[in-house]
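*Asks:* Listed in order, the protein sequences are those of chains A and B.
For the first sequence, position 180 (counting from the first letter as 1) is numbered 179 according to numbering that gives the first Met the number 0, and the numbering increases by one without interruption.
For the second sequence, position 81 (counting from the first letter as 1) is numbered 80 according to numbering that gives the first Met the number 0, and the numbering increases by one without interruption.
After the structure tokens below, expect a handful of questions from me.
Protein chains: 2
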Amino acid sequence: MARKTGSHAETTGPRVRAAALRLFAQSGYAAVSMRQIAAEVGMQAGALYTYTADKQTLLFDLMREHMADVLEAWAAQPQGGSPGERLEQFTRFHINHHLDRPEGVFLSYMELRNLTPKNFAEIEALRRSYESELEAILIAGQENGAFSVPDTRLATMALIAMLTGITQWYRDDGRLSRERVQKIYWNMVRRAVKG
Amino acid sequence: MARKTGSHAETTGPRVRAAALRLFAQSGYAAVSMRQIAAEVGMQAGALYTYTADKQTLLFDLMREHMADVLEAWAAQPQGGSPGERLEQFTRFHINHHLDRPEGVFLSYMELRNLTPKNFAEIEALRRSYESELEAILIAGQENGAFSVPDTRLATMALIAMLTGITQWYRDDGRLSRERVQKIYWNMVRRAVKG
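Here you go:
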């Protein structure tokens, strides 16, 4: 397999992943062929294998990138603050980050079924890491009396599902700004865990 | 097309839909052929057309049945009670009903993209009807001062996403009983809308 260097490889790799994401989100992983992905990028099917080992690797890379991306973006947020402040920060961050990536959210939920067991385990571990970031905030608030959460694990799952669900209906040209949605959801999140 | 009467047709129709639901949920609508569905039921591909006009009709029937089912089951629940009591009833009902139908939930979210515009509009209308049942409870509580909900439409979307999300991780043989999950989620729902 040829080793690619320089700007051609650097731009083609992301274009391949973007095309795969688009096609998988449209038709589902099982219905999309490597030939279709190559055609979408404007290359021969054979050339695609310079950029990825196979379709499973493409799916895994997309899902790993999606999780690595959110973990990295959250780590880059300002640190510190009370549990209440951190929870508000997480709420606003989670909404905004995922509204920018509706296809990634959709794929990451829908195509878990098509990962090999080894790949599934790795994606699940990344997902758990991200969930643990929220759970740590809930535990800190539970410990200092700011929150009252009977089961921090369930509260984590409940809040993430509630916030991620926004990607199913929100449109940037709709009746509500992101800021308004963040404010209304934060109001509900705050009260749901209040001590 | 032959008209089917009696018990043979009555049991084969549901078997065809059950097979289609299973296969669509496994591989995605676009990857499944009518031939595969027929094989799953143990019939010739041609015979399948006695039970359904085409694959789109099968998908539409499954999604319509899923929504009609939840609307009917909710309508059969005891009526009356305060907004708070009704909200607890809805919370427990929604969790239990959807935990019994994880494949239907998955399909109804995932395959909206594959409905024809006309079929999509009909499924969306049914979904709106169901959402309106919850929103009516929130509005009643808002009006009598029991709840404080800045935007009843958003609160509806938030609560449904939060409750439906349980189907993604809950297992009946896991660490928590349904009763315990219902109780913990009701505790969060109650506080999220409290006046």
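Just so it is clear, CB atoms sit at the ideal spot from N, CA and C, and this is done for glycine as well.
In chain order, what residues of the same chain have a beta carbon less than 8 Å from the beta carbon of VAL40 (chain B), not counting five sequence neighbours either side?
*Replies:* Within the same chain, VAL40 (chain B) has close Cβ partners THR11, ARG14, VAL15, ALA18 and LEU47.
*Asks:* Which residues does DSSP list as the beta-bridge partners of LYS193 (chain B)?
*Replies:* DSSP lists B:PHE146 as partners of LYS193 (chain B).
*Asks:* From the beta carbon of LEU153 (chain B), is the nearest beta carbon of chain A less than 8 Å away?
*Replies:* Judged by the 8 Å Cβ criterion, LEU153 (chain B) is in contact with chain A.
*Asks:* Tell me whether the beta-carbon of THR166 (chain A) lies closer than 8 Å to the beta-carbon of VAL104 (chain A).
*Replies:* Going by C-beta atoms, THR166 (chain A) is nearer than 8 Å to VAL104 (chain A).
*Asks:* Tell me the rounded alpha-carbon separation between ASN95 (chain A) and GLU9 (chain B).
*Replies:* The alpha-carbon atoms of ASN95 (chain A) and GLU9 (chain B) are separated by roughly 49 Å.
*Asks:* Would you please verify whether the beta carbon of ARG91 (chain A) is less than 8 Å from any beta carbon of chain B?
*Replies:* No, because no Cβ of chain B sits closer than 8 Å to the Cβ of ARG91 (chain A).
*Asks:* For ARG126 (chain B), which residues from the same chain have a beta carbon less than 7 Å from its beta carbon, with the 5 sequence-adjacent residues on both sides left out?
*Replies:* If we look at ARG126 (chain B) and ignore the five residues flanking it on each side, its Cβ neighbours are MET66.
*Asks:* Which same chain residues, not among the five before or five after MET0 (chain B), have their C-beta less than 8 Å away from its C-beta?
*Replies:* Unreliable positioning characterises MET0 (chain B) in this predicted model, as indicated by a pLDDT of 47, which lies under 50. A coordinate reading is not provided.
*Asks:* Below 9 Å on C-beta distance, what does SER26 (chain B) contact in chain A?
*Replies:* The contacting residues are GLY27, TYR28, ALA29, ALA30, ARG112 and ASN113.
*Asks:* Cα-Cα, which of B:GLU71, B:VAL148, B:LEU22 and B:HIS93 is closest to TYR184 (chain B)?
*Replies:* TYR184 (chain B) has its Cα closest to that of B:HIS93, out of B:GLU71, B:VAL148, B:LEU22 and B:HIS93.
*Asks:* Suppose only complete runs of 4+ residues qualify. What are the alpha helix (DSSP H) ranges in the region 80-129 of chain B, listed by chain order?
*Replies:* DSSP runs (the alpha helix (DSSP H)) wholly in the region 80-129 of chain B: 82-98 and 101-109.
*Asks:* Counting only the same chain and skipping the five closest in sequence on each side, list residues whose C-beta sits under 7 Å from that of LEU22 (chain B).
*Replies:* Once the five neighbours on either side are set aside, the close Cβ partners of LEU22 (chain B) are VAL31, GLN35, ILE36 and GLU39.
*Asks:* For GLY164 (chain B), which residues in chain A fall below 9 Å Cβ to Cβ?
*Replies:* Within chain A, the residues near GLY164 (chain B) are MET156, ALA157, ILE159, ALA160, MET161, THR163 and GLY164.
*Asks:* For TRP168 (chain B), go through chain A and note every residue whose CB falls closer than 8 Å to its CB, in chain order.
*Replies:* Here the neighbours are MET156.
*Asks:* Please say whether MET161 (chain B) and MET161 (chain A) have beta carbons closer to each other than 8 Å?
*Replies:* Cβ distance < 8 Å, so MET161 (chain A) and MET161 (chain B) count as in contact.
*Asks:* Excluding the five sequence neighbours on either side, which residues of its own chain have a C-beta within less than 8 Å of the C-beta of LEU20 (chain A), listed in chain order?
*Replies:* The residues are LEU61, GLU102, GLY103 and LEU106.
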